[in-house]
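See below:
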């Protein structure tokens, strides 16, 4: 059975937190419970659609309990409760299996900070203070390495002797 969002309670809590100057994003941010609810609802809808497709194919697949998944977002770390199917054939699209970060937002922020001269340690501390996320130096290095070859290629591109100005 789906958990219903207690909108009244959420609204009261959010307004109270905002009045007290708390942030929308980040660790314990006002929006984290809403994001959690929306993601869990969307994943549940995806599983329901998958099971309907399975049923149409005359397969006897069905729900098989729930698991937990930690997801790093710009709203802080969110613990999701995810549904499973008995056959293990469900492949979610919104948040893929083994995905640990939501979207490229965090990666973009890491690249932006690195390009402005912040060290890996500075970036790690910043994410921990701002979002409550513990990123390893290896994770940060992996993100920056993804774009480093492109940056180097652009910096070493051949230049024309003269460029027309329009």
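Numbering (our numbering), first residue to last: 1 to 166. Ideal placement from N, C-alpha and C gives every residue a C-beta, glycine not left out. As the structure is a computational prediction, the values presented were derived from the model and not from experiment.
Those residues which DSSP pairs with residue i across a bridge
i: residue 77; result: 72
i: residue 82; result: 67
i: residue 101; result: 72
Three-state secondary structure (DSSP) of residue i
i: residue 41; result: helix
i: residue 168; result: This structure leaves residue 168 out entirely; the chain is present only between 1 and 166.
i: residue 136; result: coil
i: residue 156; result: coil
i: residue 141; result: helix
i: residue 53; result: helix
i: residue 146; result: helix
i: residue 108; result: helix
i: residue 115; result: helix
i: residue 165; result: coil
Beta carbon proximity, residue i to chain D, threshold 9 Å
i: residue 56; result: Annotation note: the requested chain D is absent from the structure, which comprises a single protein chain.
Close Cβ partners of residue i (< 8 Å) along its chain, the five nearest in sequence each way excluded
i: residue 141; result: 120
i: residue 147; result: 111
i: residue 100; result: 70, 71, 72
i: residue 66; result: 81, 82, 83, 84
i: residue 35; result: 73, 75, 78
i: residue 122; result: 113
N-terminal and C-terminal residue of the alpha helix (DSSP H) that residue i is part of
i: residue 127; result: 120-131
i: residue 10; result: 7-19
Cutoff 7 Å; reference residue i; Cβ partners in own chain excluding five residues on either side
i: residue 13; result: none
i: residue 64; result: 84, 85, 86
i: residue 143; result: 107, 110, 111
> Pairing CB atoms from the stretch 108-117 with CB atoms from the stretch 54-65, are three or more of them under 8 Å?
Replying inline: no
> Is the stretch 26-45 touching the stretch 67-79, taking contact as three or more C-beta pairs under 8 Å?
Replying inline: yes
> Three or more beta-carbon pairs under 8 Å between the stretch 84-93 and the stretch 118-132, yes or no?
Replying inline: no
>> Contact between the stretch 94-102 and the stretch 32-47 is defined here as three or more beta-carbon pairs at a separation below 8 Å; is this criterion met?
In response: yes
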